[in-house]
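Working notes for the structure below.
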Amino acid sequence: MGLTADERWGLVDAIAQRTVAFGISRQTTGDVLGELTVKPLTGIPTALAVLYAFWSIFGSFAGVLVTDGFMIKLFDGYWLPWMQAAWPDPGSVHYFLFVGDPAAETCFEAFGMLTSGLFVSFGVVLPAIFVFYLMMTLLEDSGYLPRLAVLMDTLLHKIGLHGYAIVPAILGLGCNVPAVTATRTLETKKQRFIMMTLLALFIPCGAQLGIMLQVVPDTVGWVLLYLLIGFVVFGYVLSRVIPGSNPEILIDVPPYRWPQRANVAKKLWNKTRGFLTNAVPFVMLGILIVNILYLTGFIGWLADLAAPLFVTWFGVPKETVGPLLAAFLRKDLAVAQLSTIPMTSYQMITAVVLISIYFPCVATFAMMVREGPRQLLAAIGVLAAVVLIYGGLIHAVGILLGVA
Amino acid sequence: MHDHHDRLTILMMGNPNVGKSALFNRLTGANAVVSNYPGTTVDVTKGYLRKDRHSYEIIDVPGAYSLEARDAAEEVAVRILDTHPDAVIMVVLDATRVERGLYLALEVIERGAPCILALNMMDVAQDKQIAVDAAEMQRVLGIPVVATTAISAEGVKHLADMIRKAQVADLSAIRSRLNGQEPDQGAVARCAGCGGGGCR
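From first to last, the protein sequence lines are chains A and B.
Quick note, the first sequence lines up with residues 767 to 1170 if you use my numbering.
Quick note, the second sequence lines up with residues 7 to 206 if you use my numbering.
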């Protein structure tokens, strides 16, 4: 057929020589910044500062300012008592489904569709994902992400990935669904499989992070540390076990640009709309299904059945089985539900980690089916093994530390 | 009514992060996600453009460095190209990185599809003191070459006007033009030399 690559490049050079002229270009502030943020000596401190700033703005804006400062007061102080008083028939099934526990003091405990459902959706998760995506968009549009990829390259190569895997990983912190498709930029099947599995296991989404800030505000650091350790350790194991190559990649680092206000606003609006139309119905549906399963006694039965595994192996109360079921629909909802089960703070850490890793939510699962139906079975096998091993390990660490 | 039948399909192709999605949004008013990192678009987005009496279906294709796909996003790009044999290809170039864009453009040209070339990010090129001669490139390649800046919409209207002038380029003609000879006169040559400016 046509040209060889060399002939093609020859032609490209000839055309470029005719049409492109380079003047003397001055180094701009952007160029200098670009250099400083990829050189390890200055780049690593910058990356740590950026990620720390990201997390602390996320926590203080979504958690402290909006949810604690405003939403909790609104929902627990006015909405919940009003619903409890106004909804007829506290003993009835519809009261249980819509309002929940008539004696509940907080919207976390009540667990009705119109109490906990609205509170989790609008009081906790909406502000969390809003501020998350605002910062995320700034990172995306400025051109910082590929630079982070350059910095992470050496580290990620140790777990069978290359630096660019940081892009799906960070997108996954917003929502795992687009992150699964973003693994398409990885080169080999091996890399895609490892990244998808690690995503499903160890990357909590923005909604989940937001609710974690509320439910385990003091120990959320531990949860994240366990997830990070799991990401690295199991990534390392997978990269040894799975056949295939992990080639070097040349990353195209674009120049820094100012994020455009219109583009940022458009993306934020799309994400928010997506949350309202896709996520909120699932939160409501999740509460409905879980409540019905409670009423029919199914969850009680399953809890008894799973008790040996949960109590002896994972070291968490057997009631945790209910939230784990809900986690298939929405992980944020599941974490919210955990807060109503009495347990020690270490048990809570374990349970939150378990919810994160045990299975991807239904939306992510559907996307994984689409992207790699053949590898999915293998992924589920890995998933089950990791949950059992890691859940037990976390319990063991707790015993060693004397807190479990 | 019948415009469904004579609707032309345009595939927007180019290296990652050259602004295909930004240009696509400008042309179609669609909502493709635009970011400043390579690999933002990994799937296909469709949009529509009506220009004068012409109506186009425009497809935003994931970025590719070459048609020999290396990753799944590039595979998507090649597959779309294969499944739209009648489409016009709009190759989008980053004016600050012309060479690698031209490589892909030549691969596309070799396949024999009608092409048009958008030289995007002209604003950045200007800042970097890189001058790209769109008129000369149009003369050499024998396909319309339009300078654009998607971010400010500069050149976008002209690009839309020129879509219908997309040409099948001929490699041997390109070679002889590079050697200083004028090949036989075709529809292409009539278009040459107008600088992508006034070819109406």
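Think of the CB as a built atom: it goes at the ideal place given N, C-alpha and C, for glycine as much as any other residue.
Cutoff 7 angstroms: V786 (chain A) Cβ touching any chain B Cβ:
Counting from 1 along the first sequence, the entry for residue 786 (chain A) is found at position 20. Output row for V786 (chain A): interface = yes.
Measuring only the C-alpha atoms, how far is I64 (chain B) from P1020 (chain A)?
To locate residue 64 (chain B), count along the second sequence from 1; it is residue 58. To locate residue 1020 (chain A), count along the first sequence from 1; it is residue 254. Near 26 angstroms, if we compare the C-alpha coordinates of P1020 (chain A) and I64 (chain B).
Report the residues of the region 1007-1018 of chain A with a CB closer than 7 angstroms to any CB of chain B, ordered along the chain.
D1018
Measure the alpha-carbon distance for I1055 (chain A) versus A38 (chain B) and round it to whole angstroms.
For the purposes of this step, residue 1055 (chain A) is taken as residue 289 along the first sequence, with counting starting at 1. For the purposes of this step, residue 38 (chain B) is taken as residue 32 along the second sequence, with counting starting at 1. Those two C-alpha atoms are separated by around 35 angstroms.
What does the alpha-carbon distance come out to for the pair T1116 (chain A) and T803 (chain A)?
In the first sequence, counting from the first residue as 1, residue 1116 (chain A) sits at position 350. In the first sequence, counting from the first residue as 1, residue 803 (chain A) sits at position 37. Taking the straight line joining both Cα atoms gives about 36 angstroms.
DSSP state of D58 (chain B), grouped into three classes?
Position 52 of the second sequence, counted from the first residue, corresponds to residue 58 (chain B). Looking at D58 (chain B) - three-state DSSP - the assignment turns out to be coil, as it is neither helix nor strand.
When you compare the CB of R76 (chain B) with every CB in chain A, is at least one pair closer than 7 angstroms?
Start at 1 with the first residue of the second sequence, and residue 76 (chain B) comes out as number 70. Closer than 7 angstroms: yes.
What does V174 (chain B) reach in chain A if we use C-beta pairs closer than 8 angstroms?
Position 168 of the second sequence, counting from 1, holds the residue named residue 174 (chain B). Those within 8 angstroms of V174 (chain B) in chain A number zero; the least Cβ separation is about 14 angstroms.
Residues from the region 1116-1131 of chain A in contact with chain B, defined by Cβ distance under 8 angstroms:
none
Counting only runs that start and end within the region 77-114 of chain B, where is the alpha helix (DSSP H) found for 4 or more residues in a row?
78-89
Cα-Cα, which of A:P856, A:I1053 and A:F862 is closest to A1102 (chain A)?
Taking the first sequence and counting its residues from 1, one reaches residue 1102 (chain A) at position 336. Considering only alpha carbons, the answer is A:I1053.
Applying a beta-carbon distance threshold of less than 9 angstroms, which residues of chain A neighbour I136 (chain B)?
As a first step, residue 136 (chain B) must be located in the second sequence, where it is residue number 130. Per Cβ cutoff of 9 angstroms: V786, A787, F788, G789 and S791.
Is there at least one Cβ from chain B nearer than 7 angstroms to E906 (chain A)'s Cβ?
Numbered from its first residue, the first sequence carries residue 906 (chain A) at position 140. Closer than 7 angstroms: yes.
For C121 (chain B), list the residues DSSP reports as bridge partners.
Walking along the second sequence from the start, residue 121 (chain B) turns up at place 115. C121 (chain B) is bridged to B:I95 and B:Q173.
Go through the region 813-867 of chain A residue by residue and report every complete run of the alpha helix (DSSP H) that reaches 4 residues or more, in order.
846-852 and 859-864
Check whether the Cβ of R1136 (chain A) lies closer than 7 angstroms to any Cβ atom in chain B.
In the first sequence, counting from the first residue as 1, residue 1136 (chain A) sits at position 370. It does not: the Cβ of R1136 (chain A) has no partner Cβ on chain B nearer than 7 angstroms.
Can you confirm whether V194 (chain B), when its beta carbon is compared against all beta carbons of chain A, has any partner nearer than 7 angstroms?
For the purposes of this step, residue 194 (chain B) is identified with residue 188 of the second sequence, where counting begins at 1. Unreliable placement is indicated for V194 (chain B), whose pLDDT of 49 sits below 50; the coordinate value is still reported in the next sentence. Chain A, which has no Cβ nearer than 7 angstroms to the Cβ of V194 (chain B), makes this no.
Identify whether C197 (chain B) lies in helix, strand or coil by the three-state DSSP scheme.
Mapped onto the second sequence, residue 197 (chain B) falls at position 191. Any reading at C197 (chain B) must be qualified, since the residue scores a pLDDT of 47, below 50, and its modelled position is unreliable; the value itself is stated next. C197 (chain B): helix per DSSP, three-state reduction.
For the region 870-885 of chain A against the region 784-799 of chain A, do three or more pairs of beta-carbon atoms, one drawn from each stretch, fall closer than 8 angstroms, so that the two count as touching?
no
Report yes or no: do three or more beta-carbon pairs, one from the region 989-1006 of chain A and one from the region 16-31 of chain B, lie closer than 8 angstroms?
no
Neighbouring residues, chain A, relative to I157 (chain B) (Cβ below 8 angstroms)
Taking the second sequence and counting its residues from 1, the one referred to as residue 157 (chain B) is at position 151. Residues of chain A passing the Cβ test: Q1026.
Member of A:V891, A:I790, A:T947 and A:E871 whose CA lies at the smallest distance from the CA of R1096 (chain A):
Position 330 of the first sequence, counting from 1, holds the residue named residue 1096 (chain A). Selected option, being the one with the closest Cα: A:V891.
May I ask which residues mark the beginning and end of the alpha helix (DSSP H) holding T1038 (chain A)?
Within the first sequence, numbered from 1, the residue matching residue 1038 (chain A) stands at position 272. R1027 to G1040 is the extent of the alpha helix (DSSP H) around T1038 (chain A).
Against chain A: residues of the region 51-67 of chain B by CB proximity under 9 angstroms
none
Since V786 (chain A) is in the beta strand (DSSP E), which residue starts that stretch and which ends it?
As a position in the first sequence, residue 786 (chain A) is number 20, starting the count at 1. Residues V786 to F788.
Give me the chain B residues within the contact set of E953 (chain A), using Cβ-Cβ distance strictly less than 7 angstroms, ordered along the chain.
Counting from 1 along the first sequence, the entry for residue 953 (chain A) is found at position 187. Those are R76 and D77, listed as they occur along chain B.
Determine the direct distance from the alpha carbon of D66 (chain B) to that of E113 (chain B), and round the result to whole angstroms.
As a position in the second sequence, residue 113 (chain B) is number 107, starting the count at 1. As a position in the second sequence, residue 66 (chain B) is number 60, starting the count at 1. When rounded, the distance between both Cα atoms is 18 angstroms.
Suppose you measure from the CA of V830 (chain A) to the CA of M837 (chain A); what does that come to, to the nearest Å?
Mapped onto the first sequence, residue 830 (chain A) falls at position 64. Mapped onto the first sequence, residue 837 (chain A) falls at position 71. Each residue's Cα considered, the two are about 10 angstroms apart.
How about the region 1022-1036 of chain A and the region 1053-1072 of chain A: do they share at least three Cβ pairs that are nearer than 8 angstroms?
no
For the region 902-975 of chain A, list the alpha helix (DSSP H) runs that are entirely contained and at least 4 residues long, ordered along the chain.
910-923, 932-940, 942-948 and 955-968
Counting only the same chain and skipping the five closest in sequence on each side, list residues whose C-beta sits under 8 angstroms from that of D855 (chain A).
Here residue 855 (chain A) corresponds to residue number 89 of the first sequence, with the count starting at 1. The residues are Y861.
CB contact flag (N185 (chain B), L29 (chain B), <7 angstroms)
The residue you call residue 185 (chain B) lines up with position 179 of the second sequence. The residue you call residue 29 (chain B) lines up with position 23 of the second sequence. No.
The beta strand (DSSP E) spanning W1104 (chain A) covers which residue range?
Translated into the one-based positions of the first sequence, residue 1104 (chain A) becomes position 338. Strictly speaking, residue 1104 (chain A) in this sequence is Leu, with Trp absent from that position. Unbroken run through L1104 (chain A) is the alpha helix (DSSP H), K1097 to L1104; no beta strand (DSSP E).
Collapsed DSSP secondary structure at E74 (chain B) in the structure displayed
The count along the second sequence starts at 1 and reaches residue 74 (chain B) at position 68. Residue state, collapsed to three classes: coil.
N42 (chain B) in three-state terms, based on DSSP
Residue numbering aside, residue 42 (chain B) sits at position 36 when the second sequence is read from its first letter. Of the three classes helix, strand and coil, the one that applies to N42 (chain B) here is coil, per DSSP.
Quick check: L917 (chain A) and G796 (chain A), are their CB atoms within less than 7 angstroms of each other?
Residue mapping note: residue 917 (chain A) aligns to position 151 of the first sequence, counting from 1. Residue mapping note: residue 796 (chain A) aligns to position 30 of the first sequence, counting from 1. No, the pair does not count as a contact, with Cβ atoms beyond the cut-off.
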